[in-house]
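In this note's numbering, the protein residues as written are 4 to 118.
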């Protein structure tokens, strides 16, 4: 199954920003590029790279159906239930965490998304 693991960085400094997680589909990105909201900087191969405002990326993620987000591990307190300090979250929570992470940035901040 093809999937896209999304990372965000500052396009100028390379600073790592909140992760997106793994998506089963990236529908809607082409329309954002065609509308001039995002710039696609890598047109073939891996990764697919887009640059645009954090708010636009957050809004795109928010409108995706939660079933497109794969289960992912997130940091957790070490307990008997989570001895490695990692817990698994479902697609709905993975989506919420990705959107919240990007909403914590300046909405106009230009970020790079690698998928």
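Glycine included, every Cβ here is placed at the ideal spot set by N, Cα and C.
Local conformation of residue i per DSSP, three classes
| i | result |
| --- | --- |
| residue 9 | strand |
| residue 94 | helix |
| residue 104 | helix |
Residues near residue i by beta carbon distance below 8 Å, same chain, minus five either side
| i | result |
| --- | --- |
| residue 36 | 42, 43 and 53 |
| residue 70 | 27 and 94 |
| residue 12 | 18, 19, 20, 114, 115 and 117 |
| residue 89 | 76, 77, 78 and 79 |
| residue 14 | 54, 113, 114 and 115 |
| residue 66 | 31 |
Which residues DSSP lists as bridging residue i, in chain order
| i | result |
| --- | --- |
| residue 117 | 10 and 52 |
| residue 43 | 53 |
| residue 89 | 78 |
Short Cβ contact (7 Å threshold) for residue i with residue j
| i | j | result |
| --- | --- | --- |
| residue 56 | residue 111 | yes |
| residue 97 | residue 81 | no |
| residue 64 | residue 102 | yes |
Cut-off 6 Å between Cβ atoms - residues of its own chain near residue i, not counting five sequence neighbours on either side
| i | result |
| --- | --- |
| residue 25 | 6, 8 and 73 |
heavy atom of the ligand GTP below 6 Å from residue i C-beta
| i | result |
| --- | --- |
| residue 14 | No copy of the ligand GTP appears in this structure; indeed no ligand is present at all. |
query: Counting pairs of beta carbons, one from the segment 21-38 and one from the segment 54-71, are three or more of them closer than 8 Å?
result: Contact between the segment 21-38 and the segment 54-71 is present, because at least three Cβ pairs lie under 8 Å.
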